[in-house]
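Novice: Before I ask anything, here is the structure I am working with.
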Amino acid sequence: MTVISVDGVTRRFGEVVALDDVTLDVGPGELVGLLGPNGAGKSTLLSLVSGQRRPDTGGVRVLGGDPRDAATRTGLGVTPQETGLPPTLRVGEVVDFVGGHFPDPMPTAALLEQFGLTDKARKQTGSLSGGQKRRLAVALALVGRPRVILLDEPTTGLDVSARQALWGAIRRYHAEGGTVLLTSHYLEEVQALAERVVVIDHGVVRADDSLDGILRRVGLRRVLLRAATDLTGLPGVARGERRDDGTQELYTTDSDALVRDLVSAGVEFSDLQIRGASLEEAFAEMVAADTLEGAHR
Amino acid sequence: MTATTAAAQVPPSGTVSPARLTWLHLKFQFLETVRIPVAVLGNMLFPSLAMFFFVVPQSDVAQNPVYATMAVAGLALFAVCSASLFTYGLGVAEDRQLPFDPFVRSLPAGPAPRMVARILNGAIFALFGLVPLIVIGWLFTAASVTLLQLLAGVATILATSVPFVLLGMAVGYSLSAKAALPVVQVVLFPLAFAGGLFLPPVAFPDWLNTLSQGTPTRAGRDLLVQALTGEAAYAAAWPVLIGWTVLFAALAVRAYRRDEGRRFR
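Just so you know, the sequences run in chain order A and B.
Everything in the first sequence is counted per the working numbering, starting at 2 for the first residue and increasing by one.
Everything in the second sequence is counted per the working numbering, starting at 9 for the first residue and increasing by one.
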């Protein structure tokens, strides 16, 4: 049985098409990373899966049910945004409140201990640090012992150690058989957690592959050099661009081989620079060139 | 680390009962309201001040048991209407702008427990607002009621507050906080005047009296006066009040359902 099933879903906001005929199935025990630039439609997709919105066309099923039915959502855990915790409620109270919605919630004390928040139980959430709020947010997704959790940018804005701690909690949940769908615009985060990666941009699924498969596709090198002859059509160059100042920008999966080819072919070049493609450049590779304007950030 | 989630086990099926969910939401809404004491106090202060400025100094009113009781009833109802419209109109609009709101909507509970809890929470704080009014009316005016009348009055005022809570929610779920504030004010004060909460309806010209009897405030006021003094309300008072309640309930539910589509992403 698929845990999350998104079938031909389109969702518009006025003129903007946030999701355009998206189909995505997540099986039990999978850990899927949704990767995409801001505004790509990741959060919209999660809000459909969590039943907050309904699709214009197409269907969304969670654990075999309609996520807009409250009964379906007893098997679903969602994180609030860390900025959105009710500031006057205490940490323990927020956990009690959220846990109270589920038939068999985890004991508040045990959950707070797992997330290192035991000594904060009596503190109002407004007094927590950013990292503590994030930990609380992920704890709130787990309090109902859900079978599937949706994590929207779980570690955005955290320092390295706080991020590692949260990743640990997510991995533990997954290791016990939980299904995870998480969004991120950090390649690194998806790389650290996900087994399967779905790249989404402009409301369209651009790639849906294993982590290795995606990494190969984004493992591009950027070769910058100055040359008189047009090199953008060389074999091994995935994409290239000639600039007015005489420099050329070439993207390739194997920069070593490209440079060897240039040398052995006797091509005149100068000012050679090579570096790994950034995430934005990797996106540029995956998304069509005519829809690039939304991809930068 | 010791007590991690039992995700691999078969989870228990079924949802938490609506009554327990309502109690849960009521408990936490009450906590949230009470943690900001200024809001609670402000709600209690305005009707009390109005009593001291407009009722207590006028001995014709203050020393006449029926008039004084009517004056207390009018201000009490105003306090409840104002609390309901502001708490829900403005409070809901503000809540919707917090990112916690969509999160709560993703929890396994329908809109009902939350809305019912809001109504109950509003009623609790409306009752707090009545306490100083009753004390002032008792100590400084000739207003007098039996215990039974007082209880009947409290029950009536709670029933009367329901349409205003629902109207407030309809506004709150339709508008942003900035837009909700003027809308609530524009709705509240004409309704309060036309309903005879500030000036008794006996002072109204005929056309205004007729118009007034169609308003929920007038219907509520006359029912409240009936409960407190025994002076019979006009025949249509209950149908008018119930009619508005049904209309505002439909508006509130519609606004709640449409709310999701209006916010961007």
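Cβ coordinates follow ideal geometry from the N, Cα and C atoms, glycine included.
Using DSSP with H/G/I as helix, E/B as strand and the rest coil, what is residue 116/A?
Specialist: Along the first sequence, read from residue 1 onward, the residue named residue 116/A stands at position 115. Coil.
Novice: CA-CA distance, residue 103/B and residue 170/A?
Specialist: Locating residue 103/B in the second sequence gives position 95, where the first residue counts as 1. Locating residue 170/A in the first sequence gives position 169, where the first residue counts as 1. Taking the straight line joining both Cα atoms gives about 30 angstroms.
Novice: If you count every other CB in all the chains shown that lies within 10 Å of the CB of residue 223/B, and 16 or more means buried, which is it?
Specialist: Along the second sequence, one-based indexing puts residue 223/B at 215. Classification of residue 223/B: buried, given that the 10 Å Cβ count is 16 or more.
Novice: Scan the stretch 110 to 125 of chain B for residues whose Cβ lies nearer than 7 angstroms to a Cβ of chain A and list them as they occur along the chain.
Specialist: Of all residues in the stretch 110 to 125 of chain B, 110, 111, 113, 114, 115, 116, 117, 118 have a Cβ within less than 7 angstroms of some Cβ in chain A.
Novice: Measure the alpha-carbon distance for residue 75/A versus residue 115/B and round it to whole angstroms.
Specialist: For the purposes of this step, residue 75/A is taken as the residue at position 74 of the first sequence. For the purposes of this step, residue 115/B is taken as the residue at position 107 of the second sequence. Going by the C-alpha atoms only, they are around 8 angstroms apart.
Novice: Using 9 angstroms as the limit for Cβ to Cβ distance, is residue 102/B near chain A?
Specialist: Here residue 102/B is taken as the residue at index 94 of the second sequence, counted from 1. No, because no Cβ of chain A sits closer than 9 angstroms to the Cβ of residue 102/B.
Novice: Do residue 37/A and residue 175/A have their C-beta atoms within less than 9 angstroms of each other?
Specialist: Residue mapping note: residue 37/A aligns to position 36 of the first sequence, counting from 1. Residue mapping note: residue 175/A aligns to position 174 of the first sequence, counting from 1. Cβ atoms of residue 37/A and residue 175/A: not closer than 9 angstroms.
Novice: Does the Cβ of residue 143/B have 16 or more other Cβ atoms within 10 Å, making it buried, or fewer, making it exposed?
Specialist: The residue given as residue 143/B occupies position 135 in the second sequence. By the 10 Å Cβ count, residue 143/B comes out exposed.
Novice: To the nearest angstrom, how far is it from the Cα of residue 151/B to the Cα of residue 205/B?
Specialist: By 1-based counting over the second sequence, the position of residue 151/B is 143. By 1-based counting over the second sequence, the position of residue 205/B is 197. Distance between the alpha carbons of residue 151/B and residue 205/B: 16 angstroms.
Novice: With C-beta atoms as the reference, is residue 264/B less than 9 angstroms away from residue 123/B?
Specialist: Taking the second sequence and counting its residues from 1, one reaches residue 264/B at position 256. Taking the second sequence and counting its residues from 1, one reaches residue 123/B at position 115. Contact flag set, yes.
Novice: By Cβ distance, which residues of its chain are closer than 6 angstroms to residue 92/B, with the 5 residues on each side in sequence left out?
Specialist: On the second sequence, residue 92/B is found 84 positions in, with the first residue counted as 1. Within the same chain, residue 92/B has close Cβ partners 130, 169, 172, 173, 176.
Novice: Under 9 angstroms between C-beta atoms, does residue 94/A make it to chain B?
Specialist: Numbered from 1 along the first sequence, position 93 holds the residue referred to as residue 94/A. Chain B contact via Cβ: present.
Novice: Secondary structure at residue 13/A, three-state DSSP: helix, strand or coil?
Specialist: Your numbering for residue 13/A matches position 12 in the first sequence. Note: residue 13/A maps to strand in three-state DSSP.
Novice: Are residue 123/A and residue 164/A close, meaning C-beta to C-beta below 9 angstroms?
Specialist: The residue labelled residue 123/A in the question sits at position 122 within the first sequence. The residue labelled residue 164/A in the question sits at position 163 within the first sequence. Going by C-beta atoms, residue 123/A is not nearer than 9 angstroms to residue 164/A.
Novice: Does residue 215/B pass the burial test, meaning 16 or more other C-beta atoms within 10 Å, or should it be called exposed?
Specialist: Here the question's residue 215/B lines up with position 207 in the second sequence. Label assigned to residue 215/B: exposed.
Novice: Given a threshold of 16 other Cβ atoms within 10 Å of its Cβ, counted over all protein chains shown, does residue 230/B qualify as buried or as exposed?
Specialist: Numbered from its first residue, the second sequence carries residue 230/B at position 222. Burial call: buried.
Novice: Flag this pair as yes or no: are the beta carbons of residue 153/A and residue 44/A separated by less than 9 angstroms?
Specialist: Taking the first residue of the first sequence as 1, we reach residue 153/A at position 152. Taking the first residue of the first sequence as 1, we reach residue 44/A at position 43. Result yes, Cβ atoms of residue 153/A and residue 44/A sit closer than 9 angstroms.
Novice: Let me make sure I understand the geometry here. Which of 252/B, 203/B, 181/B has the alpha-carbon closest to that of residue 260/B?
Specialist: Mapped onto the second sequence, residue 260/B falls at position 252. Comparing Cα positions, the closest option is 181/B.
Novice: Would you call the stretch 227 to 240 of chain A and the stretch 193 to 212 of chain A in contact, with 3 or more CB pairs under 8 angstroms?
Specialist: These segments do not touch.
Novice: Grab me the residues of residue 81/B's own chain with a C-beta within less than 6 angstroms of its C-beta, minus the 5 sequence neighbours each way, in chain order.
Specialist: Within the second sequence, the letter at position 73 stands for residue 81/B. Taken in chain order, the residues that qualify are 232, 233, 236.
Novice: Rounding to the nearest angstrom, what Cα-Cα distance links residue 54/B and residue 137/B in this structure?
Specialist: Taking the first residue of the second sequence as position 1, residue 54/B is located at position 46. Taking the first residue of the second sequence as position 1, residue 137/B is located at position 129. C-alpha separation (whole angstroms): 9 angstroms.
Novice: DSSP state of residue 270/A, grouped into three classes?
Specialist: As a first step, residue 270/A must be located in the first sequence, where it is residue number 269. Three-state result, residue 270/A: strand.
Novice: Following the continuous beta strand (DSSP E) through residue 252/A, name the residue where it begins and the one where it ends.
Specialist: To locate residue 252/A, count along the first sequence from 1; it is residue 251. Segment 248 to 253, the beta strand (DSSP E) holding residue 252/A.
Novice: Quick check: what's the CA-CA separation for residue 55/A versus residue 272/A?
Specialist: Within the first sequence, numbered from 1, the residue matching residue 55/A stands at position 54. Within the first sequence, numbered from 1, the residue matching residue 272/A stands at position 271. Going by the C-alpha atoms only, they are around 54 angstroms apart.
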